[in-house]
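*Asks:*
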Amino acid sequence: MAYAQGAGDRPQDGLSPGTVQLPFVTLDDGRLFSGSRYGQALLAELEAEQKTLAAENREIEADLAQRERQLTDRRPTLAPEEFRSLANSFNSDVEDHRNAQKSKERAIYQRHDEARLRFRDVANQVLAQVMRERGALAIIAEEAIVLGFREIDITDAAIARMDELIGDGADLPRPTDPVEPPVPPAP
Numbered sequence: 016m017a018y019a020q021g022a023g024d025r026p027q028d029g030l031s032p033g034t035v036q037l038p039f040v041t042l043d044d045g046r047l048f049s050g051s052r053y054g055q056a057l058l059a060e061l062e063a064e065q066k067t068l069a070a071e072n073r074e075i076e077a078d079l080a081q082r083e084r085q086l087t088d089r090r091p092t093l094a095p096e097e098f099r100s101l102a103n104s105f106n107s108d109v110e111d112h113r114n115a116q117k118s119k120e121r122a123i124y125q126r127h128d129e130a131r132l133r134f135r136d137v138a139n140q141v142l143a144q145v146m147r148e149r150g151a152l153a154i155i156a157e158e159a160i161v162l163g164f165r166e167i168d169i170t171d172a173a174i175a176r177m178d179e180l181i182g183d184g185a186d187l188p189r190p191t192d193p194v195e196p197p198v199p200p201a202p
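Quick note: the sequence shown, position 22, residue 37 per my numbering, numbers continuous.
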């Protein structure tokens with residue numbers, strides 16, 4: 016968004032200096048999320064879950080690679096039917112692990128989506144306060160504005176207010192995690 020110079024250094028209707036009363040203001044929603052301590056905490060949780068899953072995936076891959084080597088090493092000593100049966104069982108285990116891990120990954124992203132919705136609910140309460148203080152009637156997405164004065168952007172004020180009132184969100188209730196999908200037993 017381009018900003019023009021000017022307007023907005025005078026108080027209006029009892030507002031603090033530098034605060035202009037306008038019928039609408041703009042907000043960079045992504046920056047509100049990534050710039051607030053609460054949004055950063057939610058992103059850190061997602062990253063931690065992703066790292067845990069990645070470590071688990073590496074362990075499973077290492078175990079499966081070892082089992083595959085053992086099966087390959089045994090192949091010359093096995094009857095073709097026995098090897099085929101063991102290979103099919105191994106392939107089934109690989110597929111079961113892959114499906115379980117994909118399910119866990121989907122669950123992580125679902126929790127992230129739910130966290131974004133919780134963030135939006137909390138942020139809307141804070142944004143309503145900022146709107147009232149600015150005398151605004153609406154918030155418009157910053158990317159929808161072609162040209163405007165810098166004073167209409169409330170993102171920094173909203174981040175500061177979120178940090179002041181919500182902090183990292185540690186005191187907010189968390190939904191219970193969904194039940195983890197079963198992990199196939201190792202043979």
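We put the CB at the ideal spot given by N, CA and C, even for glycine.
Let me check one thing: in DSSP terms, what residues is residue 154 bridge-paired to?
*Replies:* Paired residue(s): 40.
*Asks:* Taking the beta strand (DSSP E) that residue 162 falls in, what are its first and last residues?
*Replies:* Taken as a continuous stretch (DSSP letters only), the beta strand (DSSP E) holding residue 162 covers 162-164.
*Asks:* Return yes when the Cβ of residue 41 is within less than 8 Å of the Cβ of residue 150, no when it is not.
*Replies:* No.
*Asks:* Pairing CB atoms from the stretch 68-80 with CB atoms from the stretch 112-120, are three or more of them under 8 Å?
*Replies:* Yes, the stretch 68-80 touches the stretch 112-120.
*Asks:* With contact counted as at least three CB pairs below 8 Å, one residue from each stretch, are the stretch 141-158 and the stretch 176-190 in contact?
*Replies:* Yes: at least three Cβ pairs fall under 8 Å.
*Asks:* How should residue 124 be labelled, buried or exposed, when 16 other C-beta atoms within 10 angstroms of its C-beta is the threshold for buried?
*Replies:* Per the 10 Å Cβ criterion, exposed.
*Asks:* Please classify residue 179: does DSSP put it in a helix, a strand, or coil?
*Replies:* Note: residue 179 maps to helix in three-state DSSP.
*Asks:* Which of the three DSSP states, helix, strand or coil, is assigned to residue 168?
*Replies:* Strand at residue 168.
*Asks:* Can you tell me where the alpha helix (DSSP H) with residue 95 in it begins and where it stops?
*Replies:* Note, residue 95: alpha helix (DSSP H), 95-149.
*Asks:* With distance defined between alpha-carbon atoms, name the residue in 50, 108 and 63 nearest to residue 78.
*Replies:* Ranking the options by Cα distance to residue 78, first place goes to 108.
*Asks:* Short of 6 Å in beta carbon distance, which residues of its chain neighbour residue 155, apart from the five on each side in sequence? Order them along the chain.
*Replies:* 39 and 41.
*Asks:* Pick from 94, 60, 140 and 159: whose alpha carbon is nearest that of residue 130?
*Replies:* For the residues 94, 60, 140 and 159, the minimum Cα distance to residue 130 belongs to 60.
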